[in-house]
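Quick notes on the structure that follows.
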Amino acid sequence: MDSSRRHVLQLLGLSSLALATRPVFNAFAVEGHAEKPQAIIKDSENALKAKQWALVIDTRQFESEEDLEPLVEVCNEVHNVPHLSQKRHEIKWIWGEHYHNAFPGKAGRFLSEEVEHKPFLVLCNHCENPPCVRACPTQATFKRESDGIVMMDFHRCIGCRFCMAACPFGARSFNFRDPRPFIKEINDKFPTRMKGVVEKCNFCAERLAEGQLPACVEVSEGKLTFGDLYDPESNVRELIKTNFTIRRKQILGTEPSVYYIV
Amino acid sequence: MLELAIKGSKKYYGWMTFLLVIVGIGFLVYLKQLDFGLGITGLSRDTSWGFYIANFTFLVGVAAGGVMVVLPYYLHDYKAFGKVTILGEFLAISSVVMCVTFILVDLGQPMRIFNVFLYPTLHSVLFWDTIVLNGYLFLNLIIGWNVLEAERNNVHYQPWLKPLIYLSIPWAVSIHTVTAYLYCGLPGRGFWMTAILAPRFLSSAFAAGPALLILLCLIIRRVTHFDPGREQIQSLAKIVAYAICINVFFFLCEVFVAFYSNIPEHMDHIKYLFIGLQGKNAYVPWMWASFALMFIGIILTVNPFTRKNEGVLAVACVVIFLGTWIDKGLGMIAGGFTPSPLHHVNEYIPSLPEIMIALAVWAMGFLILTALFKIAVGVKEEVGG
Amino acid sequence: MKDKKFIITGLIIFIVITTFPFWYNRGKAAPAPELQLTDKAKAAKVCVRSTEYMKAEHMQLLDVWREAVVREGERIYVNPDGKEFNMSLSNTCLDCHSNKTEFCDRCHNYASVRPYCWDCHIDDTLKEKS
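Residue numbers (the numbering used here), protein chains in the order written: chain A, -8 to 253; chain B, 3 to 387; chain C, 345 to 474.
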């Protein structure tokens, strides 16, 4: 093969011509493609906004499993959380644990019967310094700049479950199979998830966008308080200032946003 | 050179067919997993990584172990290893391919794997693991292929390969360090949160990789006309001896730190593995077996009489490979997840479909390994005359 | 050529097999899909954007919507005509186009497009069940 300069130049010329065909075609393309969108995207007027959403749980007002039930139920209903038949596939967004499971390393000995068996509400803490977000290789889980919620983008999740390994609170669940057959009653205002993605509490982001408080807060009859951690006048700040609160595993420095009044 | 892998004896075809059948069966089971979801495995909400990732972790080590033939030859001019560097590189290639495949079969949404490249996330260790593993694969492919081709044509390999070869040495260390960093930076997992995890991974790698290489060399000597060499095998055996001693020493350090400090959170994972916790003790016999095997391996490789006897050495390599596979595989993964961050013990046992898929990935790896070794040995036999 | 017979035969078999879809289906091409609009859709007259735009770029628009809703937290879309919409596939798009099987699926099946959106997002088949 003759690799003379002329040949190279001819090849280059032909390639440039070939590469130019697409833009030329595009210029003559159908109007639909050439239309420039001038749409605007914005928030709803009544959307609730905060720098960092936080939850304060008054554990003194929870005495038994029954007190937790309406909160767990409403969350599961609103978000189409399935009830899997096999425990190892279970999906939980918010649930109850005993003291030494919710706060391992803090539980003392010789506690009263009441405290030993008291249920403590656990959920994703929407940490300010979330290790799960650090771990995710695709940013499918990320901390939203607008309000501090640690969100899941189910479109991007590859199901690697690194976030589940990273979470120090066991707050995340994986869809080991198609969840739809296991949803008691589908709420058609909210999507379900599919198999192969990780999910967790989302602080009811979709409700906040419409000016509503998270579902668990709404049905808690005051046991749960939800507000902006960085608003010095907010209800959560007031509660944290005037009560003794603890957080789960705060020694790890993830800065959980869920506070427990004990 | 590929034609050397296509022609072979009846035994060769038989072996390859056998492996293909295992791959085929596993592939069918994988289709079921794609359809149903990862629920066909034994994984659970508490133990979200299991047999697939355990094998992945172990195999990254085996891949890194290949550097143990490259380093002495290229950096320290240990001429004897010149005969076998290609074997180390080809072992690395097939191991890395197995690693990547284990990751793929473990994903919940494997068709979205390209998201890792479309949305590169520099703060995610998993992103970097993908980069370094793929980089190592390409390095070894390019280096191995070109050096072998040059050998076949009785010329010196191209000079531009030299910097790549030098690069592959720290790169091999990096693949296993980054894999260890997947685990040891997670704040909620006390069993993995130890500075010694990366060194432990590397020591276990430098025991398992060369151990497998020794076994492969002994097999090659028996079934082909190429003899990797007695001196080469003995040098590898010495490397294995040191590495396995260091690996067990590192683990004993872990045990001391946990049990002398008496901190429950640190002790609980080791207790679960070796004596059981909250009534669950399925791993106990496996862990003790693993350490028994590694101890036997230490005795047989450190003692020069047993090491110099190649028959006994083969046994030593098998027990070391098995021992490290349990210790760094499921022992490492299940131990890290159990007890859970909420202190529950939900035991993880791999399911049969999961094991079948894992077997198929191993079979695929050995398929590639056999083909590559056939090529390498073919060239050596050609040149050797 | 030494193996002329084999090469020519092989070439012919190859051409026959590769052009199979064309000559086997001649005259039997499926007709262009006919879409049915619901009464609500007909009453609305125009979608979120113009019909040509939606035909060409509805998936791109949905991508913009999902980035905005999930990642930015903003849910209102104001189209170039100033009309506001809540950015939701199931609650806005399917509100008017509630007959997915007679609308969306017609073109999708014809073009063999299988969007997996419906694995998660609720469509009319699920709404009937709930």
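Heads up, the beta-carbon is just placed ideally off N, CA and C, and yes, glycines get one too.
query                                                                                                                                           : result
Against P189(B), what residues of chain A qualify as contacts under a CB-to-CB distance less than 7 Å, listed in chain order?                   : P122, P159, L243, T245
Nearest CA to the CA of N37(A): which residue from K386(C), A387(C), E418(C)?                                                                   : E418(C)
Report the residues of the segment 180 to 210 of chain A with a CB closer than 9 Å to any CB of chain B, ordered along the chain.               : M185, K186, G187, V188, V189
Among G211(B), L238(B), N117(B), which residue has its Cα nearest to the Cα of R147(A)?                                                         : N117(B)
Could you give the DSSP three-state label for W147(B): helix, strand or coil?                                                                   : helix
Would you say S353(B) lies against chain A (beta-carbon separation less than 8 Å)?                                                              : no
Confirm, please, whether the CB-CB distance from I105(B) to F29(B) is below 8 Å.                                                                : no
According to DSSP, simplified to helix, strand and coil, what is S164(A)?                                                                       : strand
When the Cα of V71(B) is compared with those of F60(B), V62(B), V86(B), which residue comes out closest?                                        : V86(B)
Determine, for C440(C), whether the minimum Cβ-Cβ distance to residues of chain A falls below 8 Å.                                              : no
Below 9 Å on C-beta distance, what does R419(C) contact in chain A?                                                                             : I32, K33, D34, S35, A38, E197, A200, E201
Can a CB atom of chain A be found closer than 8 Å to the CB of P459(C)?                                                                         : no
What does a CB cutoff of less than 6 Å around E446(C) pick up in its chain, not counting 5 residues either side in sequence?                    : Q380
Between the alpha carbons of V127(B) and A385(C), how many angstroms are there, rounded?                                                        : 49 Å
Which residue's Cα is closest to the Cα of F203(B): V64(B), D108(B), P74(B), L371(B)?                                                           : V64(B)
According to DSSP, is W44(A) part of a helix, a strand, or is it coil?                                                                          : strand
Could you tell me the boundaries of the beta strand (DSSP E) in which Y421(C) lies?                                                             : 420 to 422
Here's the rule: buried if 16 or more other CB atoms are within 10 angstroms of the residue's CB, otherwise exposed. What is K473(C)?           : Reliability fails at K473(C), whose pLDDT of 49 lies under 50, so the model's placement of it is uncertain and the value that follows must be treated cautiously. Counting Cβ neighbours within 10 Å, K473(C) comes out exposed, since fewer than 16 surround it.
How about L470(C): is its C-beta nearer than 8 Å to some C-beta of chain A?                                                                     : yes
Does any residue of chain A have a CB that is nearer than 8 Å to the CB of A412(C)?                                                             : yes
Classify K376(B): buried if its beta carbon has 16 or more other beta carbons within 10 angstroms, exposed otherwise.                           : buried
Please compile the residues from chain A whose C-beta is within a distance smaller than 7 Å of the C-beta of G41(B).                            : H80, F167, R168
Leaving out five residues before and five after C255(B) in sequence, what residues of the same chain have Cβ atoms less than 8 Å from its Cβ?   : I198
If I'm right that A82(B) touches A174(B) with Cβ under 8 Å, what's the distance once you round it to whole angstroms?                           : At roughly 20 Å, the Cβ-Cβ gap does not stay under 8 Å, so A82(B) and A174(B) are not in contact.
Consult DSSP for A25(A) and reduce its assignment to one of helix, strand or coil.                                                              : Unreliable placement is indicated for A25(A), whose pLDDT of 48 sits below 50; no coordinate value is reported for it.
For the putative contact between A374(C) and Y454(C), defined by C-beta atoms under 8 Å, what is the C-beta separation to the nearest angstrom? : 7 Å
Does the beta carbon of S456(C) come closer than 8 Å to any beta carbon on chain A?                                                             : no
Check the Cβ of N348(B) against every Cβ in chain A and list those closer than 7 Å, keeping chain order.                                        : R79
Can the beta-carbon of V317(B) be found closer than 8 Å to that of L302(B)?                                                                     : yes
Provide the residue span of the beta strand (DSSP E) that contains M143(A), from first to last.                                                 : 141 to 143
Could you name the residues of chain B that T129(A) contacts, counting a contact when the two beta carbons are closer than 7 Å?                 : N117, V118, Y121, T123
Could you tell me which of S176(B), I145(B), G10(B), R154(B) sits nearest to P161(B), measuring between CA atoms?                               : I145(B)
State yes or no: is the beta carbon of V137(A) nearer than 8 Å to at least one beta carbon in chain C?                                          : Here the sequence assigns Ser to residue 137(A), which means Val is not the residue at that position. So, interface residue.
Hey, T399(B) and V69(B): beta-carbon distance below 8 Å or not?                                                                                 : Because chain B spans 3 through 387 in this model, residue 399(B) falls outside it and cannot be assessed.
Within 10 Å of its beta-carbon, does S248(A) have 16 or more other beta-carbons around it, so buried, or fewer, so exposed?                     : buried
Among A18(A), T50(A), A45(A), L0(A), which has the Cα closest to the Cα of K214(A)?                                                             : T50(A)
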